[in-house]
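In our numbering, the protein residues as written are 74 to 208.
Worksheet: one structure, shown below.
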Ligand SMILES: [Fe+2]
Ligand SMILES: [Fe+2]
């Protein structure tokens, strides 16, 4: 069973964003599977890096769309992205040093963050893009 399952309610109605969100779900699931299977630090680190890289690309896609469409919520939305990026970097550092293990609460945090962010901020952005005909 997937840890985070795609559901039409997560669709925001902008193709590129929806496609990337589904890919993010896949990568969160891969990280969960690696944790569940008790994979070692190196493999967990690689799977997390794979997720972190894609998250960075995805945030950039959204931020570019925001800038191109003069989105009024750009600053706030970007700040939320930056905050998660910082937290993931911190987690990567701790896992790397061995001062923290990848745990279920961390996975729950990622899952909750994603579903909340998509349902709130990303839906607002998508409504703006659709209204502006900006994608
Ligand atoms: Fe976003
Ligand atoms: Fe997003």
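Where a beta carbon is used, it is the ideal one built from N, C-alpha and C, also for glycine.
In this text the structure is predicted, and so the values were computed from the model without any measurement.
Candidates the options: closest to residue i by CA position
i: residue 181; options: 105, 174 and 97; result: 105
i: residue 145; options: 199, 94 and 172; result: 199
i: residue 133; options: 117, 121, 154 and 124; result: 154
i: residue 75; options: 147, 103 and 119; result: 103
i: residue 197; options: 147, 97 and 80; result: 147
i: residue 160; options: 149, 125 and 192; result: 125
i: residue 142; options: 204, 78 and 77; result: 204
i: residue 167; options: 111, 87, 187 and 118; result: 118
i: residue 139; options: 109, 90, 158 and 165; result: 90
C-alpha gap between residue i and residue j, whole angstroms
i: residue 195; j: residue 114; result: 32 Å
i: residue 136; j: residue 151; result: 7 Å
i: residue 77; j: residue 87; result: 20 Å
i: residue 81; j: residue 121; result: 26 Å
heavy atom of ligand 2 below 7 Å from residue i C-beta
i: residue 90; result: yes
i: residue 195; result: yes
i: residue 201; result: no
i: residue 190; result: yes
Coil, strand or helix - residue i by DSSP
i: residue 98; result: helix
i: residue 77; result: coil
i: residue 110; result: coil
i: residue 176; result: coil
i: residue 143; result: coil
i: residue 87; result: coil
i: residue 206; result: coil
Residue i beta carbon near ligand 1 (any heavy atom closer than 7 Å)
i: residue 94; result: no
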